[in-house]
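Residue numbers (my numbering): 132 to 447.
Heads up, the beta-carbon is just placed ideally off N, CA and C, and yes, glycines get one too.
All of these numbers come straight from a predicted model, not from anything done at the bench.
These notes concern the structure reproduced below.
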Ligand code: SF4
Ligand code: SF4
Ligand code: SF4
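Take a look at the structure:
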C-alpha cells in the first residue's frame, strides 16, 4: 500500500491534479506517525501506511485552500463525507485516497499487557488477527483485539466507500463489540447520581486545553462558543462545572457529525474517557434518527434537515 500511495501521490502532484497531499510520515517517537502536508513531489517518499496511522486527517480539510489529495481510513472517509455534506469541503476539490484499515494499534494497551514502556519495545508488527511484539529479542504474539483502540473494535466502516483511489482490497479489523463498549456499558448501568459523580470527578482534571476540540473534524466552527465573551457561556478558568458544560455542548454540536474516530479521547492529555460521551451520543443519534454520520453521501446533514410535518413549532 505504501508504494502505491507514494506513486499515486507523486502522479497527482506532477499532473497538477492536487495542490497538496495530506498523509502520514513517521513520528519522532517509536511506533507513531505524524501528519504530512506537502506540495512537494519529493516529499511523497516520506509517506507511510502502517498500524499507527491514527490521526483523522479530515481535520485539515477545512484549513487548506485548493485541491487536496487526502489519505483516509474508513472512519476518516466518513468525516470527509460529512464535511462535504456540511459544505465545509467541496467534493471536486478532494481526491480521496482510501486505506482499507485493519485497525490501529493502541501502544498503551501493549505497554499495560507486557508491563513495558514504549521505549523498551523493539518491534511491533501486524499479521492478520495477531500482533507480534518483540521485547528483549523475544517475540510475543498478542491477539489483535486486545491491542487495538476500542473504537476500532466497534468499527462500522473500515474500508472507505467514498474514494477516488483505493490502495488495497477491502478489509476490516476483528470485531469485538463488548470490548469496544468497555467503560461505556458500566456508565449505562449507573444511576444518574453515580454518573454525575463520575463526570464531576473526571472533569475536575480537565485543563481546558481544547485538544479534544482541535483534533475533531466535526468541530469546525470558526469561533467556538467557549471563546465568546458576549455572552460568556463558560468561564475561561477550568472549573469542573464549566469543563463539563463545554463537553456537553460540544457533544451536541457534533451530534450527527461524529464518526467515532476516537481522536478526541486519544488527544486528551489527562486521559478523560471522552469516548464514553461521544459514543453514547453516536448511539442516541442512531437510535432516534437512524443516522450514521458520513455513511450515506446522498443523505442530508442531520442537524440542518427538517420536514414540514416536524412536531416542534420551533422549526416548522
Ligand atoms: S475506526 Fe475503523 S477505519 Fe477507523 S481506524 Fe479504527 S478500524 Fe480503522
Ligand atoms: S482534551 Fe481533555 S483536558 Fe483538554 S479540554 Fe478536552 S477534555 Fe479538557
Ligand atoms: S467527537 Fe471525537 S470521536 Fe467524534 S468525530 Fe470528533 S474527534 Fe472523532
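Endpoints, beta strand (DSSP E) assigned at residue i
{"i": "residue 228", "result": "225-229"}
{"i": "residue 430", "result": "Run containing residue 430: none; DSSP gives neither H nor E here."}
{"i": "residue 255", "result": "252-258"}
Local conformation of residue i per DSSP, three classes
{"i": "residue 386", "result": "coil"}
{"i": "residue 298", "result": "coil"}
{"i": "residue 235", "result": "coil"}
{"i": "residue 316", "result": "helix"}
{"i": "residue 244", "result": "helix"}
{"i": "residue 376", "result": "helix"}
{"i": "residue 346", "result": "coil"}
{"i": "residue 303", "result": "coil"}
{"i": "residue 364", "result": "coil"}
{"i": "residue 450", "result": "In the structure displayed, the chain extends from 132 to 447; residue 450 sits before or after that span and is not available."}
Continuous alpha helix (DSSP H) stretch holding residue i: start and end
{"i": "residue 275", "result": "275-278"}
{"i": "residue 420", "result": "406-420"}
{"i": "residue 282", "result": "281-284"}
{"i": "residue 140", "result": "133-145"}
{"i": "residue 174", "result": "From DSSP, residue 174 is part of no alpha helix (DSSP H); its letter is neither H nor E."}
{"i": "residue 330", "result": "323-334"}
{"i": "residue 308", "result": "308-311"}
{"i": "residue 397", "result": "394-398"}
Selected residue, minimal CA-CA separation from residue i, among the options
{"i": "residue 408", "options": "316, 205, 432", "result": "316"}
{"i": "residue 193", "options": "345, 230, 262", "result": "345"}
{"i": "residue 347", "options": "186, 220, 150", "result": "186"}
{"i": "residue 219", "options": "258, 406, 388, 405", "result": "388"}
{"i": "residue 74", "options": "191, 196, 197", "result": "A question about residue 74 goes unanswered here, because the residues of the chain that appear run from 132 up to 447."}
{"i": "residue 245", "options": "150, 259, 263, 228", "result": "263"}
{"i": "residue 197", "options": "170, 433, 376, 304", "result": "170"}
{"i": "residue 254", "options": "163, 138, 199", "result": "163"}
{"i": "residue 226", "options": "233, 289, 212, 309", "result": "212"}
{"i": "residue 217", "options": "440, 436, 443", "result": "436"}
{"i": "residue 118", "options": "189, 201, 160", "result": "For residue 118 there is no data in the structure shown, the boundaries of the chain being 132 and 447."}
{"i": "residue 395", "options": "386, 406, 299", "result": "406"}
{"i": "residue 413", "options": "294, 330, 349", "result": "349"}
Beta-bridge pairing of residue i - partner residues as DSSP gives them
{"i": "residue 166", "result": "155"}
{"i": "residue 270", "result": "265"}
Beta carbon proximity, residue i to chain C, threshold 8 Å
{"i": "residue 195", "result": "In the structure shown, chain C cannot be found, because there is only a single protein chain."}
Which ranges does the beta strand (DSSP E) cover as unbroken runs of at least 3 residues, wholly within the segment 182-226, from first to last along the chain? 199-203
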